[in-house]
Amino acid sequence: MTNTSQTQQSNNLDQFYSAVVSKEPNQRLECFSELEIYLNDQNNTLECEDTYGFISGLLKWVECSNYRIAFNGLRALEAFADRLDSEFERYVDDVVQACIDRLGDSKDQIRDQASNLLIKLMSMFTAQMYMRCVIAAIDDAVILNDQTDTNLKFGASSIQLNKLVPLICKLVTDSNSQVRQQAIDTLVEIYRHVGEKVRSDISKRDIPEAKLKILYEKFDDVVASGRMLVKEDGKSMILI
Numbered sequence: 001m002t003n004t005s006q007t008q009q010s011n012n013l014d015q016f017y018s019a020v021v022s023k024e025p026n027q028r029l030e031c032f033s034e035l036e037i038y039l040n041d042q043n044n045t046l047e048c049e050d051t052y053g054f055i056s057g058l059l060k061w062v063e064c065s066n067y068r069i070a071f072n073g074l075r076a077l078e079a080f081a082d083r084l085d086s087e088f089e090r091y092v093d094d095v096v097q098a099c100i101d102r103l104g105d106s107k108d109q110i111r112d113q114a115s116n117l118l119i120k121l122m123s124m125f126t127a128q129m130y131m132r133c134v135i136a137a138i139d140d141a142v143i144l145n146d147q148t149d150t151n152l153k154f155g156a157s158s159i160q161l162n163k164l165v166p167l168i169c170k171l172v173t174d175s176n177s178q179v180r181q182q183a184i185d186t187l188v189e190i191y192r193h194v195g196e197k198v199r200s201d202i203s204k205r206d207i208p209e210a211k212l213k214i215l216y217e218k219f220d221d222v223v224a225s226g227r228m229l230v231k232e233d234g235k236s237m238i239l240i
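Numbering (full-length UniProt numbering), first residue to last: 1 to 240.
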C-alpha cells in the first residue's frame, strides 16, 4: 500500500511504481485512490525514472481479469492522457489496443470506460489518428460471423457507433484526400455490418449532398453485390 506520508513528501511518480507494476491485486487496488488524486492534481509532476514501465504496468491492469483493477487502469490511463496531452502519442498504439480488447467486456463499466478513452484519444490527435482508432475498432471488434447473440449485443453497445459515426462523418470533408477516402470506406464497412440504420443516421449529419450521393451509391453497390454481413434473421449491430 502506498504510504500517505511518502505521497505527501514525494515530487514524482516513483512512489507508486512498485505497486503499479506489482502482480498482487491488493497492492494495485490499494494504491489507485492516491494515484488518481496525484494524477488529477496539475501541480504534481509526472516525472518518473521509468515512465514507459509505469504505463506498461497500467496496461497490465487493463488486461487484468479483476474488473475493478481493469477499470482503475483505464481511468489512470485517461488521467495520463489528459496530463501528457501530445506527449501521450508515444503510448497511443498500445493504449488503443488495450481499449479495443475490453470493448466486448461483459461489464458495462469496463466497456464504457474503454470506449470513452478511445473517443478521447480520437479527439486529442490528428484526423489520421481518428481513422486509425476507428478502423482498428471495426477490424478488431466488429466480428459478426459465427458469433453468439451475446457477442452481437456487446459488440454493438461497446463500440458506441452513436459516438463514432459523427466523427467519421466529419472526416468525409477533411482537407486530406486520403482521410476523406478512408472515412467513406469506413462508413461503407460499417454499413456492411449494420445495414440501413447507417443510411438513416448519416442523412442527419452535416455531409454535403454530393458526398451523400457517393455514399448511398456505395451502399447500394454493397447490397447488389451480396457483400452485406447482416444476418438473414435481421440480427445485426444496432446504432445506439
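Cβ atoms here follow ideal geometry from the backbone N, Cα and C, with glycine treated the same way.
- CA-CA distance, G53 and R28? Taking the straight line joining both Cα atoms gives about 15 angstroms.
- Message: So the candidates are L74, L84, K107 and S86; which of them puts its Cα closest to the Cα of Q97?
- Response: Checked all of L74, L84, K107 and S86; the closest Cα to Q97 is L74.
- Task: Determine the contact status of A81 and F71, defining contact as a CB-CB distance below 8 angstroms.
- Result: For A81 and F71, no; Cβs fall outside 8 angstroms.
- Query: For I37, does the count of other Cβ atoms within 10 angstroms reach 16, so buried, or fall short, so exposed?
  - Reply: By the Cβ-count criterion, I37 is exposed, with fewer than 16 other Cβ atoms from all chains shown falling within 10 Å of its own Cβ.
- Item | Where the alpha helix (DSSP H) through I69 begins and ends | Residues Y67 to L84.
- Using a Cβ-Cβ cut-off of 7 angstroms (strictly less than) and excluding sequence neighbours within five positions of Q113, which residues of its own chain qualify? The residues are F71, L74 and R75.
- Over what stretch of residues does the alpha helix (DSSP H) that includes S177 continue unbroken? Here the alpha helix (DSSP H) through S177 covers S177 to V194.
- Starting from the C-beta of S22, find all residues in its chain whose C-beta is less than 7 angstroms away, skip the five residues before and the five after it, and write them out in chain order. Same-chain partners within the cutoff: R28.
- Message: On the CB-based measure, 16 or more other CB atoms within 10 Å of its CB, does G57 come out buried or exposed?
- Response: G57 is buried by the Cβ-count criterion.
- Kindly indicate which three-state DSSP category D41 falls into: helix, strand or coil? The answer is coil: DSSP assigns D41 none of H, G, I, E or B.
- Is N116 helix, strand or coil by DSSP? N116 falls in the helix class under three-state DSSP.
- Item | Residue burial classification, Q182 (beta-carbon count within 10 angstroms, cutoff 16) | So Q182 ends up on the buried side.
- Message: Between which residues of its own chain and D94 is the CB-CB distance below 7 angstroms, once the five residues before and five after are set aside?
- Response: Short of 7 angstroms from the beta carbon of D94, and not among the five residues preceding or following it, lie these beta carbons of its own chain, in chain order: L59.
- Among K218, D41 and I119, the one whose alpha carbon lies nearest that of N11: Considering only alpha carbons, the answer is D41.
- According to DSSP, is D206 helix, strand or coil? D206: coil per DSSP, three-state reduction.
- Round the Cβ separation of I202 and V179 to the nearest angstrom and send it over; I've been treating them as touching at under 8 angstroms. I202 to V179, Cβ: 17 angstroms. No contact.
- Reduced DSSP secondary structure (H/G/I, E/B, other) of G104: Three-state result, G104: coil.
- Exposure of A19, with buried meaning 16 or more beta-carbon neighbours within 10 Å: It counts as buried.
- Quick one: give me the first and last residue of the alpha helix (DSSP H) that D14 is part of. That run of the alpha helix (DSSP H) goes D14 to V21.
- Item | Where M228 falls: helix, strand or coil (DSSP) | The answer is coil: DSSP assigns M228 none of H, G, I, E or B.
- Taking only the alpha-carbon atoms, compute the straight-line gap between N116 and S123 and give it to the nearest angstrom. For N116 and S123, the gap between their C-alpha atoms comes out near 11 angstroms.
- With DSSP as the reference, label F219 as helix, strand or coil. Reduced to three states, the DSSP call for F219 is helix.
- Item | Candidates E24, G195, L39 and E47, of which the one nearest D14 by Cα | Taking the Cα of D14 as reference, the smallest distance to any Cα among E24, G195, L39 and E47 is reached at E47.
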